[in-house]
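Each residue of the sequence shown is one higher than the one before, starting from 975 at the first, in this note's numbering. Ideal placement from N, C-alpha and C gives every residue a C-beta, glycine not left out. Working notes, beginning with the structure itself.
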Amino acid sequence: MNALLPAIKFNGGGHLNHTIFWTNMAPNGGGEPSGPVADAINKEFGSFQAFKDRFSAASVGVKGSGWGWLGYCPKGDKVAVATCQNQDPLELTHGLVPLLGLDVWEHAYYLQYKNLRADYVKAFFNVINWANVNERYENARKAAGH
C-alpha cells in the first residue's frame, strides 16, 4: 500500500487541484473581489494590489511544475498565499483550505504564452470567479467554526 501513496497523491491531487482551478474561473470573471474574501484579503495583505503582487510573485516563482494558491488557515482564521510542487494538494502540504488555485504547469499556458509564465499569471486575474472564491472562503470558515 505504501508504494501506491505517491501515485495516489499525484493523481488524486491533480484531480482535486484541477477541479478547484476550473471552478475558480468564469467567462465574465475578473475584477476585484467583494464580500468576505475581499475583507480577508485586505486584512491580511493590506490591499487587493498587495495580494495580487504576492500571489503573482509566488506563482511565477514556482520552480518547474506546480500551483499557486490562496488558502484559508483554519487555526488562524486568515488567508495566505502558498505554492505546491507538482500536483501536491494544498491542504495536505500546508494545512490550508484551497480557495483560489492557479495551475502553473507549462502545459497550462505554453500554447498561448510560450515561456512567459508572468503574462499567463497576469491574465488569470481577468477570469477569476470571485463568487466561487467567496463561497469556498465562507464554507471553510464555517467548517472551522468561525
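What do you reckon, are the CB atoms on residue i and residue j nearer than 7 angstroms?
i       : j       : result
Asn998  : Leu1074 : yes
Val1011 : Asn1089 : no
Ser1033 : Val1078 : yes
Tyr1087 : Asp1093 : yes
Pro1048 : Gly987  : no
Assuming the contact rule is C-beta atoms closer than 8 angstroms, residue i and residue j should be a hit. Round their C-beta distance to whole Å, please.
i       : j       : result
Trp1041 : Val1055 : Not quite, the Cβ-Cβ distance comes to about 11 angstroms (not below 8 angstroms), so this is no contact.
His1068 : Gly1045 : 7 angstroms
Glu1065 : Pro1072 : 7 angstroms
Ser1030 : Val1095 : 5 angstroms
Would you mind reading off the limits of the alpha helix (DSSP H) that contains residue i?
i       : result
Ala1010 : Inspection of the sequence shows that residue 1010 is occupied by Pro rather than by Ala. Unbroken alpha helix (DSSP H) run through Pro1010: 1009-1019.
Gln1023 : 1022-1034
Gly1004 : Note, Gly1004: premise wrong, no alpha helix (DSSP H); not H, not E.
Glu1080 : That residue, Glu1080, is in no alpha helix (DSSP H); it is neither H nor E in DSSP.
Over the uninterrupted beta strand (DSSP E) stretch that includes residue i, give me the two end residues.
i       : result
Asp1077 : 1071-1077
Lys1052 : 1052-1059
Leu1044 : 1040-1047
Might you give, ordered along the chain, the residues of its own chain that have their beta carbon closer than 6 angstroms to the beta carbon of residue i, omitting 5 neighbours on each side?
i       : result
Pro1007 : Trp1104
Arg1110 : Leu1073
Asp1013 : none
Under 7 angstroms Cβ to Cβ from residue i, same chain only, skipping five residues before and after it: list those, please.
i       : result
Phe1099 : Gly1004, Lys1026
Asn1106 : Thr997, Asn998
With contact counted as at least three CB pairs below 8 angstroms, one residue from each stretch, are the segment 1016-1031 and the segment 1111-1118 in contact? no
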